[in-house]
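Worksheet: one structure, shown below.
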Amino acid sequence: MKKASLAAAFAASLSLGSISPSFAEDSSAAEARVAEEQVLGAADDEARFRSLQPFTREIATDIVVRSTLDEALAGAGVPMVVLLEAVKALSATVNTSRDVKPGDRLYVRYEQAFTAEGAPAGIGRVIWAELKLAARGPVVVQRFRTHDKVERLWFANGLSATPPSMRLPLDIVSVSSGFGLRADPFDQPPVLAATGKKEPMGGPLRSKPLPPGLPTGGTAGNGRSVNMATPLGATLGLAPYGNWQASLPKAQVQRGLFMHEGIDLVAPAGTPVYAAADGVVVGAAPNGRYGNWIRIDHGDKLGTVYGHLMAFAPGIEPGETVTRGELIGFVGSTGRSTGAHLHFEVLNDGRPVNPITHPELKVMQLRGQDFERFRKQLARSLEERTRENKVAEAGF
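According to the numbering used here, the sequence shown is numbered sequentially starting from 92.
Structure, rendered in structure tokens:
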């Protein structure tokens, strides 16, 4: 029902009070119109009321880079919030400070609300953006809402342009042991039994130097030789080697399994470790088999754990707030460790879950019907861009 009709019905009900429905139905239309004007005013007043309502427009702008992208954005006359949203999305695949050169172009279409007087209201949002690079061709992002109501900017291949809310804690990721059941690396035959050679503990010999004075809170290494996998361990991700059974008692061949509640990321000792997401440090201390250990609470029952650290970063202690990507420590081999690596856990309501498959760490990908709808929407946006170019070239 239209606003005026609702108002008329409401006004009529006020004027008729508790009169019976049959009498109300027989009331004259004139009485209803009089009551409506008492609530809304005359027809001219209603038109004036509509003219005061805010409205939304889509605005397109074409920005040419003359010197640097920052300089071009500063003179674009587009709300900075809109430009930052576009550049942040494009930065997921483009190094905007290195890859953008003079002559490249940035096209942005955004949605902005205005008051009746024409003043911008609220903040604008990007509908779609295209960065044309002479060196590598165009990069496009399009706003799209999935069937489960996830709305964000997406690249043309269906990958999300919004980074995951969590990141892995190392810049270079090499998973040496996954989440789940595995053979205990301490319950493996020594390298000497298989190869006749001893191997030092503590990870790669070329460790990264640490800033002086950092708290280590524990003892690095464990004094054992590096162990290698039994055949069972090899199937669970440990490094295999040859016929070790012949050199060991039969009792030592019987090996058990245990639950590995995180993933191991191998890296040289001293490699920087970063917070996976914004949060509050709830623990930073030596902690048994974890060695130097940090736990961060990220809210929404989500937490992360970092183990075997050589040292903590300055200021990392319980109660401190950290941001995504902030330095929190350095890779080491403290606690129950066979070499320099980072043990990383994700906790959901206090229970460990697989970090590799956790949705907060995965880049979203459109699939199926969502991807088909997205491609059609993107095609319409490109057609609209082409029409706008033709109008601009014609001088209208």
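Ideal placement from N, C-alpha and C gives every residue a C-beta, glycine not left out. Values in this document were obtained by computation on a predicted structure and should not be read as measured data.
What's the gap between the Cα of residue i and the Cα of residue j?
i, j, result
"lysine 524", "threonine 253", "This structure does not reach residue 524, given that the chain is present from 92 up to 487, and the question cannot be answered."
"phenylalanine 403", "histidine 434", "14 Å"
"proline 363", "leucine 261", "7 Å"
"glycine 416", "arginine 427", "26 Å"
"valine 372", "serine 472", "45 Å"
"threonine 147", "glutamate 202", "7 Å"
"leucine 469", "alanine 247", "8 Å"
"alanine 177", "tyrosine 198", "10 Å"
"valine 264", "alanine 165", "37 Å"
"alanine 225", "aspartate 440", "48 Å"
"glycine 168", "threonine 152", "9 Å"
"valine 357", "methionine 257", "19 Å"
"isoleucine 218", "glutamate 149", "8 Å"
"glutamate 242", "methionine 455", "11 Å"
"aspartate 391", "glutamate 474", "42 Å"
"histidine 389", "proline 450", "15 Å"
For residue i, which three-state DSSP category applies?
i, result
"arginine 236", "strand"
"serine 113", "At serine 113, the pLDDT of 44 sits below 50, so the modelled position is not reliable; the number obtained from the coordinates is stated separately. Here serine 113 sits in helix by DSSP."
"lysine 179", "helix"
"aspartate 461", "helix"
"lysine 223", "strand"
"glutamate 202", "strand"
"arginine 478", "helix"
"lysine 288", "Only weak support exists for where lysine 288 lies, its pLDDT of 43 falling under 50; the coordinates are left without a value."
"arginine 415", "coil"
"alanine 375", "strand"
"proline 170", "coil"
"serine 188", "coil"
"alanine 470", "helix"
"serine 428", "coil"
"serine 298", "Confidence at serine 298 is low in this model, with a pLDDT of 47, below 50, so its placement is unreliable and no value can be given for it."
"leucine 452", "helix"
"alanine 483", "helix"
"arginine 380", "helix"
"serine 265", "coil"
"proline 211", "strand"
"arginine 196", "strand"
"arginine 258", "coil"
"glycine 228", "strand"
"glycine 420", "strand"
"isoleucine 407", "coil"
Among residues of its own chain, excluding the 5 on either side of residue i, which ones have a beta-carbon nearer than 6 Å to its beta-carbon?
i, result
"arginine 196", "Val155, Lys223"
"leucine 438", "Gly394"
"phenylalanine 465", "Phe235, Leu457"
"leucine 244", "Ala180, Val232, Arg234, Ala252"
"glutamate 411", "Val372"
Could you give the residue range of the beta strand (DSSP E) that holds residue i?
i, result
"glutamate 149", "146–155"
"alanine 366", "Here alanine 366 belongs to no beta strand (DSSP E), and DSSP marks it neither H nor E."
"glutamate 242", "242–246"
"asparagine 383", "383–390"
"threonine 395", "393–403"
"arginine 442", "442–444"
"phenylalanine 356", "The displayed chain sequence assigns leucine, not phenylalanine, to residue 356. It spans 354–357 - the beta strand (DSSP E) in which leucine 356 sits, taken as one unbroken run."
Looking only at its own chain, which residues have a Cβ that is under 8 Å from the Cβ of residue i, when we skip the five neighbours before and after it?
i, result
"alanine 485", "none"
"valine 413", "Ala366, Asp369, Gly370, Val371, Val372, Ile387, Ile407, Ile419"
"glycine 353", "Phe270, Val396, Gly398, His434, Phe435, Glu436, Val437, Pro443, Pro446"
"proline 211", "Pro170, Gln203, Ala204, Phe205"
"leucine 452", "Pro255, Met257, Arg258, Leu259, Ala367, Val437, Pro446"
What residue does the alpha helix (DSSP H) around residue i start on, and which one ends it?
i, result
"leucine 433", "Counting along the chain, leucine 433 falls outside any alpha helix (DSSP H), though it belongs to the beta strand (DSSP E) covering 432–439."
"leucine 164", "160–165"
Closer than 7 Å by C-beta to residue i: which residues in its own chain qualify, once you throw out the five before and the five after it? Chain order, please.
i, result
"arginine 157", "Ala163, Pro193"
"leucine 172", "The sequence as given places valine at residue 172; leucine does not occur at that position. Ile214, Gly215, listed in sequence order."
"methionine 92", "Residue placement at methionine 92 cannot be trusted, given a pLDDT of 46 that sits under 50; the coordinates are not used to answer."
"leucine 68", "Absent from the model: residue 68. The displayed extent of the chain is 92 to 487, so no value can be given."
"alanine 183", "Ala252, Pro254"
"glycine 374", "Trp384, Ile385, Arg386, Pro409"
"phenylalanine 421", "Leu301, Gly361, Thr362, Pro363, Val364, Leu400, Met401, Ala402"
"leucine 250", "Val454, Gln456"
"leucine 160", "Thr187, Val191"
Does residue i come within less than 8 Å of chain C when only Cβ atoms are used?
i, result
"leucine 393", "Looking at the structure shown, chain C is missing, and only one protein chain is on hand."
Are there three or more Cβ pairs, one per stretch, closer than 8 Å when the region 455–468 is compared with the region 376–396? Taking one beta carbon from each stretch, the region 455–468 and the region 376–396 have fewer than 3 pairs nearer than 8 Å; the two do not touch.
Taking 8 Å as the threshold, find out whether the region 177–192 comes into contact with the region 205–214 through three or more Cβ pairs. Look at the beta carbons and you see the region 177–192 not touching the region 205–214: under three pairs across the two are nearer than 8 Å.
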